[in-house]
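**Student:**
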Amino acid sequence: MELRTKKIIISLVFWASFVGAWHAYSFQVPVYQLPGPGNVAKTILTIVSDASMSRQIMLSLIHISCAMVVAFIVGSFVAMLPNLHPVSAHFVDHRLTPFLNSFSGVGWLFIAILWFGINSFTVIFAVTMVLVPFAIINLRTGLFEMDAEILELGASLTRSKWKNFCKIVVPMLYPYAFATLRISFGVSWKVVLTAELFGGSGGMGYMLNKARQEFETEIIFALITFMIIFVIASELLVFQRIQKILDKRYHVE
Amino acid sequence: MWNNQVNKTAHLSELLIVAVCGFWWLIAKDLPDFVLPTPIEVLISLITLLTVSDTVGHVFISMSRVLAAVLFAALISILLAVLSRRNIFFDTVIENNILVVLNSFPSVGWAILGVIWFSISDGTVVFIEIMIITPFCLINCLQGFRQMDQELLEMGKSLSRNTLRNFFKLHIPLAVPFIIAGVRMSYGIAWKIAIVAELFGASSGLGWLLQQAQNQSNAQRVLAVCILIVLLFSIVDGLILRPMARRYSVNTMET
Chain A
1 MELRTKKIII
11 SLVFWASFVG
21 AWHAYSFQVP
31 VYQLPGPGNV
41 AKTILTIVSD
51 ASMSRQIMLS
61 LIHISCAMVV
71 AFIVGSFVAM
81 LPNLHPVSAH
91 FVDHRLTPFL
101 NSFSGVGWLF
111 IAILWFGINS
121 FTVIFAVTMV
131 LVPFAIINLR
141 TGLFEMDAEI
151 LELGASLTRS
161 KWKNFCKIVV
171 PMLYPYAFAT
181 LRISFGVSWK
191 VVLTAELFGG
201 SGGMGYMLNK
211 ARQEFETEII
221 FALITFMIIF
231 VIASELLVFQ
241 RIQKILDKRY
251 HVE
Chain B
1001 MWNNQVNKTA
1011 HLSELLIVAV
1021 CGFWWLIAKD
1031 LPDFVLPTPI
1041 EVLISLITLL
1051 TVSDTVGHVF
1061 ISMSRVLAAV
1071 LFAALISILL
1081 AVLSRRNIFF
1091 DTVIENNILV
1101 VLNSFPSVGW
1111 AILGVIWFSI
1121 SDGTVVFIEI
1131 MIITPFCLIN
1141 CLQGFRQMDQ
1151 ELLEMGKSLS
1161 RNTLRNFFKL
1171 HIPLAVPFII
1181 AGVRMSYGIA
1191 WKIAIVAELF
1201 GASSGLGWLL
1211 QQAQNQSNAQ
1221 RVLAVCILIV
1231 LLFSIVDGLI
1241 LRPMARRYSV
1251 NTMET
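Chains as they are written, first to last, in this note's numbering: chain A, 1 to 253; chain B, 1001 to 1255.
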């Protein structure tokens, strides 16, 4: 049997037994502690088909996309700073990035709540601040590992810095830019719910908080399960495919 | 001479920090304290925070929770990584299923579920932190155990039949660089993201302190606690984890 088919069968067996065990165990404990898988599946369907609830999911998606775009722009600006002014290299690599990288996400969130109040802007700001160090680190690595000979070739072919930047530097950064987006996507889903729960006036985190206060555990389980499925699906269907194309184009083994 | 030049730019770089603080002060001086306190006020708040005996207790509690979580996460990851090497069943289940799901699990989800399942206690906080940081550690451990030199393992087998001896004398030393990288990463994530556990499941620790400050709209204290967390992270990372990572790095092993 092919390895791939074998793996798929094993995964199916694993999840079937997992859901079976969950189903059996859910009879032993009260519903508010562990709702059964059938219950959770039904709740997911209700959430997806309900207009106002699926709007909350869309809102979370908007928060994430905005944060990813802003973090990418800010991150690329900071990452390129040392190339424009070499003096800032030490500051960016040894002071700013470690500082941002160890600053607590909850800290940013609470500061944002104090500054901007409870709204979508707070959520986007907090998620952006968590994502920025990831963007800086990835793009800095990309700029650092750039092939110096190709850059020299570009410099000898044209004096226009702008042309060199657009035609050589940017295309060589594609794999790192993609890695940045991929990591940002994973991390932002992890933190966006926290941000919405404390500082948002909408989104899946807000729904989670409401469900938590009303002890609607089915909704909590449904939201978490939906999110996991969504993240895994986008990883498999979108990110892995683009990665394959990039790997082929950039001859990564 | 080159060294001198590097030093010079480094010094100039430090001036940038002063410039950033100056800029911060310039903006903050006309704004009310609860919006943006000046750097001096935050520093004073940090010092008063550190001189109160309570804070030391909170720092100690948070630190022990984080360390316990990192230790357990590392043990679980090593165990799973070893298990995944045994046969294709465990390999598929652990790497293609458990890791993928843990990796996309929202951190606040664990916090809410932890409180529902185990109510509020120290154990709950540690549980939540373990669940949040385990995938980060597991990725590294899996890689470490997968990239082992098969010939070395074969040699070990031909020298001794004792599996335990082979495991401790060969497998673990070969995987150590990856395990340390995983521990270092988990430690960072624990302070950055997993501190959310203390907002739900505890009435002590730095996360709780942060929430208290936020409830009182005390921006100085929020910033002071954040800086305290940055300091705690950097001290342990710089003094213990980074030297260890350098000592056992993959590159030095090869040479």
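Note that beta-carbon positions come from the ideal geometry of N, C-alpha and C, so glycine has one too.
Remember, predicted model here, so these are calculated numbers, not experimental data.
#1: To the nearest angstrom, how far is it from the Cα of residue 64 (chain A) to the Cα of residue 200 (chain A)?
#2: Can you tell me whether residue 200 (chain A) is helix, strand or coil according to DSSP?
#3: How about residue 1052 (chain B): is its C-beta nearer than 9 Å to some C-beta of chain A?
#4: Would you please verify whether the beta carbon of residue 227 (chain A) is less than 9 Å from any beta carbon of chain B?
#5: Of all the options A:111, A:132, A:124 and A:102, which has the alpha carbon lying nearest to the alpha carbon of residue 77 (chain A)?
#6: Taking the alpha carbon of residue 1020 (chain B) as the reference point, which residue from A:96, A:40 and A:213 has its own alpha carbon closest?
#7: DSSP three-state call for residue 1255 (chain B): helix, strand or coil?
#8: Does the beta-carbon distance from residue 1109 (chain B) to residue 1197 (chain B) come in below 9 Å?
#9: Quick check: what's the CA-CA separation for residue 1027 (chain B) versus residue 1037 (chain B)?
#10: Which residues in the same chain have their Cβ closer than 6 Å to the Cβ of residue 1228 (chain B), if we skip the five residues on either side of it in sequence?
#11: Which residues, in order along the region 1072-1095 of chain B, keep a beta-carbon less than 7 Å from a beta-carbon of chain A?
#12: What number of angstroms, rounded off, separates the C-alpha of residue 103 (chain A) from the C-alpha of residue 1230 (chain B)?
#13: Give the single residue among B:1053, B:1047, B:1183 and B:1167 whose Cα lies nearest to the Cα of residue 1140 (chain B).
#14: Using the beta-carbon of each residue, which ones in chain A are nearer than 7 Å to residue 1226 (chain B)?
#15: Decide if residue 1032 (chain B) is buried, meaning its Cβ has at least 16 other Cβ atoms within 10 Å, or exposed.
#16: Does DSSP put residue 40 (chain A) in a helix, in a strand, or in coil?
#17: Give the secondary structure of residue 93 (chain A) by DSSP, where H, G and I count as helix, E and B as strand, and everything else as coil.
#18: Quick check: residue 34 (chain A) and residue 217 (chain A), are their CB atoms within less than 9 Å of each other?
#19: Please list, in chain order, all residues of the same chain as residue 1178 (chain B) whose beta carbon is under 7 Å from its beta carbon, the five residues on each side excluded.
#20: Can a CB atom of chain A be found closer than 9 Å to the CB of residue 1001 (chain B)?
#21: Quick test of your reading: residue 208 (chain A) and residue 193 (chain A), contact by CB under 8 Å. State the CB separation rounded to the nearest angstrom.
#22: Alpha carbon to alpha carbon, how far is residue 1012 (chain B) from residue 87 (chain A)? Give it in angstroms, no decimals.
#23: I'd like to know whether the C-beta atoms of residue 1000 (chain B) and residue 1057 (chain B) end up nearer to each other than 9 Å.
#24: Pull out every residue of the region 1199-1223 of chain B whose Cβ sits closer than 8 Å to any Cβ of chain A, in chain order.
#25: Relative to the alpha-carbon of residue 37 (chain A), which residue among A:57, A:110 and A:25 has its alpha-carbon at the smallest distance?
#26: For residue 91 (chain A) and residue 1017 (chain B), I'd like the C-alpha separation in whole angstroms.
#27: For residue 118 (chain A) and residue 1226 (chain B), what's the separation of their Cα atoms in angstroms?
#28: Could you pull out every residue in the same chain whose Cβ sits closer than 7 Å to the Cβ of residue 125 (chain A), ignoring the five residues on either side in sequence?
#29: Which residues in the same chain as residue 324 (chain A) place their Cβ atom closer than 8 Å to its Cβ, once the five residues preceding and following it in sequence are excluded?
#30: If you measure between the beta carbons of residue 1081 (chain B) and residue 1219 (chain B), is that distance less than 9 Å?
#31: When the Cα atoms are used, what is the spatial distance from residue 1243 (chain B) to residue 1154 (chain B)?
#32: Which residues in chain A sit within 7 Å of residue 1153 (chain B), going by Cβ to Cβ distance?
#33: Let me make sure I understand the geometry here. Which of B:1147, B:1171 and B:1146 has the alpha-carbon closest to that of residue 1157 (chain B)?
#34: To the nearest angstrom, how far is it from the Cα of residue 1125 (chain B) to the Cα of residue 1041 (chain B)?
#35: Note down, in chain order, every chain B residue with its Cβ under 9 Å from the Cβ of residue 240 (chain A).
**Tutor:** From the atom records:
#1: One-based indexing of the first sequence puts residue 64 (chain A) at position 64. One-based indexing of the first sequence puts residue 200 (chain A) at position 200. Distance between the alpha carbons of residue 64 (chain A) and residue 200 (chain A): 13 Å.
#2: Taking the first residue of the first sequence as 1, we reach residue 200 (chain A) at position 200. Three-state result, residue 200 (chain A): coil.
#3: Residue numbering aside, residue 1052 (chain B) sits at position 52 when the second sequence is read from its first letter. Not one chain A Cβ lies under 9 Å of residue 1052 (chain B).
#4: The residue given as residue 227 (chain A) occupies position 227 in the first sequence. It does; some Cβ of chain B falls within 9 Å.
#5: One-based indexing of the first sequence puts residue 77 (chain A) at position 77. For the residues A:111, A:132, A:124 and A:102, the minimum Cα distance to residue 77 (chain A) belongs to A:132.
#6: As a working note, residue 1020 (chain B) is residue 20 in the second sequence. When only C-alpha atoms are compared, the closest one is A:96.
#7: In the second sequence, the residue the question calls residue 1255 (chain B) occupies position 255. With a pLDDT of only 33 at residue 1255 (chain B), under 50, the local geometry of the prediction cannot be trusted, and no value is derived from it.
#8: Taking the first residue of the second sequence as 1, we reach residue 1109 (chain B) at position 109. Taking the first residue of the second sequence as 1, we reach residue 1197 (chain B) at position 197. Taking 9 Å as the Cβ cut-off, residue 1109 (chain B) and residue 1197 (chain B) do not qualify as a contacting pair.
#9: Walking along the second sequence from the start, residue 1027 (chain B) turns up at place 27. Walking along the second sequence from the start, residue 1037 (chain B) turns up at place 37. In a straight line, the C-alpha of residue 1027 (chain B) is about 9 Å away from that of residue 1037 (chain B).
#10: Looking up residue 1228 (chain B) in the second sequence gives position 228. If we look at residue 1228 (chain B) and ignore the five residues flanking it on each side, it has no Cβ neighbours.
#11: 1088, 1089, 1092 and 1093
#12: The residue labelled residue 103 (chain A) in the question sits at position 103 within the first sequence. The residue labelled residue 1230 (chain B) in the question sits at position 230 within the second sequence. Rounded to whole angstroms, residue 103 (chain A) to residue 1230 (chain B) spans 6 Å at the Cα level.
#13: Position 140 of the second sequence, counting from 1, holds the residue named residue 1140 (chain B). The shortest C-alpha separation from residue 1140 (chain B) is found at B:1183.
#14: As a working mapping, residue 1226 (chain B) is identified with position 226 in the second sequence. Result: 103, 104 and 107.
#15: In the second sequence, residue 1032 (chain B) corresponds to position 32, counting from 1. Exposed is the call here.
#16: Taking the first sequence and counting its residues from 1, the one referred to as residue 40 (chain A) is at position 40. Helix, per DSSP.
#17: As a working note, residue 93 (chain A) is residue 93 in the first sequence. If DSSP states are grouped into helix, strand and coil, residue 93 (chain A) belongs with the helices.
#18: Stepping through the first sequence from its first residue, residue 34 (chain A) is reached at position 34. Stepping through the first sequence from its first residue, residue 217 (chain A) is reached at position 217. Taking 9 Å as the Cβ cut-off, residue 34 (chain A) and residue 217 (chain A) qualify as a contacting pair.
#19: In the second sequence, counting from the first residue as 1, residue 1178 (chain B) sits at position 178. Around residue 1178 (chain B): 1140, 1141, 1143 and 1144.
#20: Position 1 of the second sequence, counted from the first residue, corresponds to residue 1001 (chain B). Confidence at residue 1001 (chain B) is low in this model, with a pLDDT of 45, below 50, so its placement is unreliable and the value that follows should be read with caution. Chain A, which has no Cβ nearer than 9 Å to the Cβ of residue 1001 (chain B), makes this no.
#21: As a first step, residue 208 (chain A) must be located in the first sequence, where it is residue number 208. As a first step, residue 193 (chain A) must be located in the first sequence, where it is residue number 193. Indeed they touch by this definition, with Cβ atoms about 6 Å apart.
#22: Taking the first sequence and counting its residues from 1, the one referred to as residue 87 (chain A) is at position 87. Taking the second sequence and counting its residues from 1, the one referred to as residue 1012 (chain B) is at position 12. Looking at the two C-alpha atoms, the distance is approximately 7 Å.
#23: Coverage of chain B is limited to positions 1001 through 1255, which leaves residue 1000 (chain B) absent and any answer about it impossible.
#24: 1199, 1207, 1210, 1211, 1213, 1214, 1217, 1219, 1222 and 1223
#25: In the first sequence, counting from the first residue as 1, residue 37 (chain A) sits at position 37. For the residues A:57, A:110 and A:25, the minimum Cα distance to residue 37 (chain A) belongs to A:25.
#26: The residue you call residue 91 (chain A) lines up with position 91 of the first sequence. The residue you call residue 1017 (chain B) lines up with position 17 of the second sequence. Going from the Cα of residue 91 (chain A) to the Cα of residue 1017 (chain B) covers about 8 Å.
#27: By one-based count along the first sequence, residue 118 (chain A) stands at place 118. By one-based count along the second sequence, residue 1226 (chain B) stands at place 226. Using only the alpha carbons, I get a separation of about 20 Å.
#28: Reading the first sequence from its first residue, position 125 is the one you call residue 125 (chain A). Contacts found: 112 and 116.
#29: A question about residue 324 (chain A) goes unanswered here, because the residues of chain A that appear run from 1 up to 253.
#30: The sequence position of residue 1081 (chain B) within the second sequence is 81, counting from 1. The sequence position of residue 1219 (chain B) within the second sequence is 219, counting from 1. Contact: no.
#31: The residue given as residue 1243 (chain B) occupies position 243 in the second sequence. The residue given as residue 1154 (chain B) occupies position 154 in the second sequence. The straight-line gap from Cα to Cα measures roughly 31 Å.
#32: Start at 1 with the first residue of the second sequence, and residue 1153 (chain B) comes out as number 153. Neighbours of residue 1153 (chain B) on chain A: none; closest Cβ ~22 Å, over 7 Å.
#33: By one-based count along the second sequence, residue 1157 (chain B) stands at place 157. Residue B:1171 is the option with its Cα nearest to residue 1157 (chain B).
#34: For the purposes of this step, residue 1125 (chain B) is taken as the residue at position 125 of the second sequence. For the purposes of this step, residue 1041 (chain B) is taken as the residue at position 41 of the second sequence. Going from the Cα of residue 1125 (chain B) to the Cα of residue 1041 (chain B) covers about 32 Å.
#35: Residue mapping note: residue 240 (chain A) aligns to position 240 of the first sequence, counting from 1. Result: empty, since nearest Cβ-Cβ is about 11 Å, beyond 9 Å.
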